[in-house]
Ligand code: HEC
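In my numbering, the protein residues as written are 1390 to 1524.
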């Protein structure tokens, strides 16, 4: 009897901690950050990925179905690392970490994930725990 009770408590605890893991629906970036990202994106990414992020025949789109087709189920950290280490194509890694995070916030905004109160951060690898799902 006591064992059964303990098992129930444990299950409840597990459910609570699963709910605490942040998801893209929880407002992981701020609108201000996305606005900064929009400027950086226009200056350094739009020449290839297009102003509307839909890409063209040479560069993949970064929004909508095309984005989800490649990235759904993978972590936001993986997406961020790919972007930071391979883009912009002619000079990978040339932006500051803050600029890459701003651009990521802008990409999330354009993919219709909700904004929140705080800027997106990756100081302790938080982005690795966020799974990309449909908005
Ligand atoms: C000179 C053209 C060019 C520029 C500028 C450029 N990209 Fe790219 N990008 C590409 C091409 C081509 C690919 C696909 C091949 C690859 O992944 O290397 C790509 C792939 C990507 C991917 C992976 C997409 C996927 O679904 O696999 C991301 C994310 C990305 N770029 C983001 C950015 C960001 C953010 C910037 C600005 C900081 C940027 N790119 C600037 C051409 C460019």
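Even for Gly, the Cβ is constructed at its ideal location relative to N, Cα and C.
Give a yes or no on whether the C-beta atoms belonging to residue 1418 and residue 1492 are separated by under 8 angstroms.
By one-based count along the chain shown, residue 1418 stands at place 29. By one-based count along the chain shown, residue 1492 stands at place 103. For residue 1418 and residue 1492, no; Cβs fall outside 8 angstroms.
Output needed for residue 1426: all residues of its chain with C-beta closer than 6 angstroms, excluding positions within five of it in sequence on either side, in chain order.
Counted from its first residue, the chain shown places residue 1426 at position 37. Excluding positions up to five away in sequence, the list reads 1491, 1492, 1494, 1495.
How long is the line joining the alpha carbons of residue 1405 and residue 1465, rounded to whole angstroms?
Your numbering for residue 1405 matches position 16 in the chain shown. Your numbering for residue 1465 matches position 76 in the chain shown. Confidence at residue 1405 is low in this model, with a pLDDT of 49, below 50, so its placement is unreliable and the value that follows should be read with caution. Each residue's alpha carbon lies about 22 angstroms from the other.
Helix, strand or coil at residue 1407 [DSSP, three-state]:
Indexing the chain shown from 1 puts residue 1407 at position 18. Because residue 1407 carries a pLDDT of 49, less than 50, the predicted location of this residue cannot be relied on, and the following value inherits that uncertainty. It is helical.
Look at residue 1505 and residue 1415 and say whether their C-beta atoms are less than 8 angstroms apart.
To locate residue 1505, count along the chain shown from 1; it is residue 116. To locate residue 1415, count along the chain shown from 1; it is residue 26. Closer than 8 angstroms, so yes.
Taking only runs of the alpha helix (DSSP H) that begin and end inside the stretch 1413–1499, which ones reach a length of at least 4 residues, in chain order?
Whole alpha helix (DSSP H) segments, 4+ residues: 1420–1433, 1435–1438, 1453–1460, 1465–1475, 1486–1499.
Between the CA atoms of residue 1437 and residue 1447 - distance to the nearest angstrom
To locate residue 1447, count along the chain shown from 1; it is residue 58. To locate residue 1437, count along the chain shown from 1; it is residue 48. Spanning the two alpha carbons is a distance of roughly 8 angstroms.
Taking residue 1502 as the reference, give the member of 1520, 1486, 1474 with the closest Cα.
Here the question's residue 1502 lines up with position 113 in the chain shown. The option with the nearest alpha carbon to residue 1502 is 1520.
Find out if the Cβ-Cβ distance for the pair residue 1482, residue 1474 is shorter than 8 angstroms.
Reading the chain shown from its first residue, position 93 is the one you call residue 1482. Reading the chain shown from its first residue, position 85 is the one you call residue 1474. Cβ atoms of residue 1482 and residue 1474: closer than 8 angstroms.
Should residue 1433 be counted as a contact of the ligand HEC given a C-beta to heavy atom distance under 7 angstroms?
On the chain shown, residue 1433 is found 44 positions in, with the first residue counted as 1. Checking every heavy atom of the ligand HEC against the Cβ of residue 1433, one is found closer than 7 angstroms.
What does DSSP give as the partner residues of residue 1514 in its beta bridges?
Translated into the one-based positions of the chain shown, residue 1514 becomes position 125. Its beta-bridge partners do not exist; DSSP assigns none.
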